[in-house]
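S.K.:
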Amino acid sequence: MWWYIVAGLTIVAAGAVAVTVILVLSAAFAALAASAVAVFTAGFVPVAMRRAGAVVLRDVDQGHLRVAPPDPPPPGRDPGYLSYYFGPAWRDCGDMLVAGGRAAVRRALSLRAKGPRSVLGYLLDAWRLPDELNSWPGVVGKVIFTGGLVGGLVGLVAGAAVAGTFLLVAALVFALLLGALLGGTWAVCAVLHLVELAALRVRGITVECPSCQRRVGVPVYECPQCQELHHRLLPGSLGVLARTCRCRAELPTLLLRGRSRLRAHCSHPDCRGVLPIGGLTAPTHHVPVVAGKVAGKTVHMLAAIADLRDDDGFAFGDDHTRDSFVNVAEQLQDLRTVPSTLPTAPLRAATFFVGVGSRRRLVYLYDAAGEYYQSSDKVSGLRFLGSTAGMLLVVDPFSLPSVLSRMTAEEIELPQHSTSPPDDVVSRIADGLRERDVGRRRDRIGVRVAVVVTKCDVLLDRGPVPHPYEVRDATGRSERSAAVAAWLADTAGEGGLVRQLANQYAEVGYFAVSAFDAFGAGPRRSGRTGRELSNDPPSAPLRWLLRPRAGAL
Amino acid sequence: MTKVLPPSVVRGRRVVFALLVLSALVSAVVVAALLAAAVVALGSLV
Ligand SMILES: Nc1nc2c(ncn2[C@@H]2O[C@H](COP(=O)(O)OP(=O)(O)OP(=O)(O)O)[C@@H](O)[C@H]2O)c(=O)[nH]1
Ligand SMILES: [Mg+2]
Ligand SMILES: [Zn+2]
Ligand SMILES: [Zn+2]
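Protein sequence lines correspond, in order, to chains A and B.
Whatever position you read off the first sequence (first residue = 1), add 272 for this note's numbering.
Whatever position you read off the second sequence (first residue = 1), add 675 for this note's numbering.
1. Which chain B residues sit within Cβ distance under 8 Å of A/G325?
2. Nearest CA to the CA of A/L773: which residue from A/Y644, A/V512, A/P402, A/D695?
3. For A/G511, return the contacting residues in chain B, with the cut-off set at a CB-CB distance below 9 Å.
4. Check the Cβ of B/G687 against every Cβ in chain A and list those closer than 8 Å, keeping chain order.
5. Can you find the residues in the same chain that come closer than 8 Å, C-beta to C-beta, to A/V422, ignoring five residues on each side of it along the sequence?
6. For a quick check, are the C-beta atoms of B/V684 and A/Y357 less than 7 Å apart?
7. Which chain B residues sit within Cβ distance under 7 Å of A/A442?
8. With a 10 Å radius around its C-beta and 16 neighbouring C-beta atoms as the bar for buried, classify A/K565 as buried or exposed.
9. Anything in chain B within Cβ reach of A/D364, meaning under 8 Å, just list it in chain order.
10. Give the single residue among A/V667, A/G642, A/V737 whose Cα lies nearest to the Cα of A/R678.
11. Roughly how many angstroms lie between the CA atoms of A/A824 and A/V492, to the nearest whole one?
12. Does any CB atom of chain A fall closer than 7 Å to the CB of B/V705?
13. Does any CB atom of chain C fall closer than 7 Å to the CB of A/R520?
14. Residues of the stretch 425-442 of chain A in Cβ contact with chain B at a cutoff of 7 Å, in chain order, please.
15. For a quick check, are the C-beta atoms of A/A576 and A/P810 less than 7 Å apart?
16. What residues from chain A crowd round B/L710, counting only those whose CB sits closer than 8 Å?
17. Which whole runs of the beta strand (DSSP E) in the stretch 588-672 of chain A are 3 residues long or more, in chain order?
18. Give the residues of chain B in contact with A/V339, contact being defined as C-beta atoms less than 8 Å apart.
19. Please go through the same chain and pick out, in chain order, the residues whose beta-carbon is closer than 8 Å to the beta-carbon of A/A661, but skip the five residues on each side of it.
20. Suppose only complete runs of 3+ residues qualify. What are the beta strand (DSSP E) ranges in the stretch 294-335 of chain A, listed by chain order?
21. Is there a Cβ from chain B that is less than 7 Å from the Cβ of A/V317?
22. So which residues on chain B does A/T516 lean against when the C-beta distance must stay under 9 Å?
23. Chain B beta carbons: is any one of them nearer than 7 Å to that of A/L449?
24. Given this structure, state the Cα-to-Cα distance separating A/V441 from A/A447, to the nearest angstrom.
25. Tell me whether A/W275 is buried or exposed, calling it buried when 16 or more other Cβ atoms sit within 10 Å of its Cβ.
26. By Cβ distance, which residues of its chain are closer than 7 Å to A/H689, with the 5 residues on each side in sequence left out?
27. Under 6 Å Cβ to Cβ from A/P813, same chain only, skipping five residues before and after it: list those, please.
28. Whole-angstrom Cβ separation of A/I549 and A/G585, contact assumed at under 8 Å?
29. Going residue by residue through the stretch 761-815 of chain A, where are the continuous beta strand (DSSP E) segments of at least 3 residues, counting only ones entirely within it?
30. Would A/D350 pass as a contact of A/H540 if the rule is Cβ separation under 7 Å?
31. Shorter than 6 Å, the distance from the beta carbon of A/T613 to the closest heavy atom of ligand 2, or not?
32. Please find out if some non-hydrogen atom of ligand 3 comes closer than 6 Å to the beta-carbon of A/H540.
33. Quick check on A/L369 - is its C-beta less than 7 Å from some C-beta in chain B?
34. Count the C-beta pairs between the stretch 403-410 of chain A and the stretch 374-394 of chain A that are closer than 8 Å, then say yes if the count reaches three, no if not.
35. Taking C-beta pairs closer than 8 Å, name the residues in chain B that A/L453 reaches, listed in chain order.
Written out as structure tokens, the structure is:
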């Protein structure tokens, strides 16, 4: 009887030991599987991310970045590539996170038959292994491998938790860093733009359109390579210091870095005139050349430019001006061949730079046809009067009745001359300037007027009317100015004109010039008295207008 | 239609990628610290 009990107990004990061994084995297997799977799963995330990065960050436009400018660009978008920091960076990173995360999930959990096995797939495969065996080894194996499966699943969850934490922290840190970078970039853009604006404001620099004479805030720049127009070439979402044009040319966004050397156009859509090259690098100075028909405006302007041309710092502002004035020498060979300016031709300023350093100026000279000054209506339409800082008032001595009558009385040969006396033009211009609200100084129009008595070569050469500097000896500028004013008043009978100018304008200077002095003004012998005296150089009136304010008076 | 990106975009990408690597490193350090803390906590429980 007792051995039955002994045998029974032995069998139970052996069974218990076997089950314990199996369970311990299963648990050990489970722990092993759990840690292996956890490490594998967690480690897989960076690998997947790196691979996704390699795919996303190839140096190729895959379309998802959408940096290339649409063709044609929608209104408000310039034909330049979008800066990476303004949009594409987020798209790239979003794509990378999604691709990397998807790859990691697929590698960990996918049960699809196609493609590489996932971790879960391997676990299930391993769990099914003992099914091949039959009877009790199969059962024992199943128990042990079930432990392994449970452990593996636990490991998978742990690994996923670690990987998820890693991803979450990484995404947060990255978003913070990228946000700081983008915010910084945006702030840098704003600061650069404001600094540029402030520098221009402090130096009093603006640019006006030589064609329509309106002020241009942000010029429209032309790409030197493909001629596409960029309407807002400023630090911004298309680039901070430079932008890439559709044609891949790099365009600087700052004046300091050479934006001013690009060809620029007027920003007014109805005009789009070409602006001077180098605009916004020097203050502008608008100077109309004013007189009636045939007074000698065009000739004086040619002579003044010919005289200025060899100065340090002289440069033509635009191709149009260069083309019109490169061969001034030839044009001045025979003054009678200078064509009369047509009132129908578009009124475009001649632009050029004079002076160096802080005294550099961008000068706009307006040579309107004499017809423009013959009626108040036409004068009102002259937009450039609004920005006028100085005026060249050309006085043809042979348009003055008392000079003309003395000359014709002696049958002196005269060049072509104007028939409209200057007083009318002067009052119309004054009205025009007041209408345009130009500044005022000491109750007078805040515009400098250089009164230029032209054709003085004739006065010196022949006839009964003496040259202004023959009447009065004059050497310094103020003496010469007084001499010409006195000549106008006393010899030419234009005292009214002199008084009118003195009452209306803040500063008036008088000059006696001849276009024949365009290429070197030496002393000339008077045909009347034999005395040697020299006219003012043709550029003297313009230089006087451009003189800085501080040196005035 | 693949077209090479302009150099400025490529440069920007490099910078952003460097940021990404940096944040991955930071995150790895954080996760390692968390794991170590968990292990220590488990150890003190046992
Ligand atoms: N001798 C001499 N003749 C001059 C001088 N300046 C101008 N003239 C003569 O004056 C004429 C008219 O000069 P322009 O400069 O064409 O006159 P304008 O004022 O431009 O005339 P519009 O364009 O018709 O308004 C020229 O053809 C020259 O014959 C000068 O300094 N000396
Ligand atoms: Mg003319
Ligand atoms: Zn314009
Ligand atoms: Zn281009």
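In this text, a Cβ means the ideal position worked out from N, Cα and C, and glycines have one as well.
M.R.: With the structure as the only source:
1. The residue given as residue 325 of chain A occupies position 53 in the first sequence. Within chain B, the residues near A/G325 are F692, L695.
2. Here residue 773 of chain A is taken as the residue at index 501 of the first sequence, counted from 1. Per the Cα distances, A/D695.
3. By one-based count along the first sequence, residue 511 of chain A stands at place 239. What A/G511 touches in chain B: S683.
4. Residue numbering aside, residue 687 of chain B sits at position 12 when the second sequence is read from its first letter. Per Cβ cutoff of 8 Å: S355, Y356, Y357, P360, A361.
5. The residue labelled residue 422 of chain A in the question sits at position 150 within the first sequence. Excluding sequence neighbours, A/V422 sits near A302.
6. Reading the second sequence from its first residue, position 9 is the one you call residue 684 of chain B. Reading the first sequence from its first residue, position 85 is the one you call residue 357 of chain A. Contact flag unset, no.
7. Indexing the first sequence from 1 puts residue 442 of chain A at position 170. Using a Cβ-Cβ cut-off of 7 Å, A/A442 is close to S698, A699, S702 of chain B, given in chain order.
8. Stepping through the first sequence from its first residue, residue 565 of chain A is reached at position 293. Buried.
9. In the first sequence, the residue the question calls residue 364 of chain A occupies position 92. R688, V691, listed in chain order.
10. What you label residue 678 of chain A is simply residue 406 of the first sequence in a count that begins at 1. Measuring from the Cα of A/R678, the nearest candidate turns out to be A/V737.
11. For the purposes of this step, residue 824 of chain A is identified with residue 552 of the first sequence, where counting begins at 1. For the purposes of this step, residue 492 of chain A is identified with residue 220 of the first sequence, where counting begins at 1. Per-residue confidence for A/A824 stands at a pLDDT of 42, beneath the threshold of 50, marking its modelled position as unreliable; the derived number appears in the next sentence. Those two C-alpha atoms are separated by around 37 Å.
12. Along the second sequence, one-based indexing puts residue 705 of chain B at 30. Yes, because at least one Cβ of chain A sits closer than 7 Å to the Cβ of B/V705.
13. Protein chains in the displayed structure are A and B, and chain C is not among them.
14. V434, T437, F438, V441, A442
15. Here residue 576 of chain A refers to the residue found at position 304 when the first sequence is read from its first residue. Here residue 810 of chain A refers to the residue found at position 538 when the first sequence is read from its first residue. In this structure, A/P810 lies closer than 7 Å to A/A576 by Cβ.
16. Mapped onto the second sequence, residue 710 of chain B falls at position 35. Near B/L710 (Cβ distances below 8 Å), the residues of chain A are V434.
17. 622-626, 633-638, 662-667
18. Indexing the first sequence from 1 puts residue 339 of chain A at position 67. Correct list: L680, P681, V684.
19. Looking up residue 661 of chain A in the first sequence gives position 389. Residues of the same chain with a CB within less than 8 Å of the CB of A/A661, apart from the 5 flanking positions on each side, are H557, H558, V559, V719, R720, L817 in chain order.
20. Whole beta strand (DSSP E) segments, 3+ residues: zero.
21. Within the first sequence, numbered from 1, the residue matching residue 317 of chain A stands at position 45. Chain B, which has no Cβ nearer than 7 Å to the Cβ of A/V317, makes this no.
22. Locating residue 516 of chain A in the first sequence gives position 244, counting from the first residue. In chain order: P681, P682, S683, V684.
23. Indexing the first sequence from 1 puts residue 449 of chain A at position 177. Yes, A/L449 counts as interfacial toward chain B.
24. Along the first sequence, read from residue 1 onward, the residue named residue 441 of chain A stands at position 169. Along the first sequence, read from residue 1 onward, the residue named residue 447 of chain A stands at position 175. About 10 Å.
25. Taking the first residue of the first sequence as 1, we reach residue 275 of chain A at position 3. It is exposed - the Cβ of A/W275 has fewer than 16 other Cβ atoms within 10 Å.
26. Stepping through the first sequence from its first residue, residue 689 of chain A is reached at position 417. Contacts found: V566, D668, F670, S671.
27. In the first sequence, counting from the first residue as 1, residue 813 of chain A sits at position 541. L664, A722, V724, F783, listed in sequence order.
28. Your numbering for residue 549 of chain A matches position 277 in the first sequence. Your numbering for residue 585 of chain A matches position 313 in the first sequence. Actually they do not touch by this definition, with Cβ atoms about 15 Å apart.
29. 777-784
30. As a first step, residue 350 of chain A must be located in the first sequence, where it is residue number 78. As a first step, residue 540 of chain A must be located in the first sequence, where it is residue number 268. Contact flag unset, no.
31. In the first sequence, residue 613 of chain A corresponds to position 341, counting from 1. It does: the Cβ of A/T613 is within 6 Å (strictly closer) of some heavy atom of ligand 2.
32. Counted from its first residue, the first sequence places residue 540 of chain A at position 268. Because some heavy atom of ligand 3 lies under 6 Å away, the Cβ of A/H540 counts as near it: yes.
33. On the first sequence, residue 369 of chain A is found 97 positions in, with the first residue counted as 1. Output row for A/L369: interface = no.
34. no
35. Here residue 453 of chain A refers to the residue found at position 181 of the first sequence. Residues of chain B whose Cβ lies closer than 8 Å to the Cβ of A/L453 are, in chain order, V690, V691, L694.
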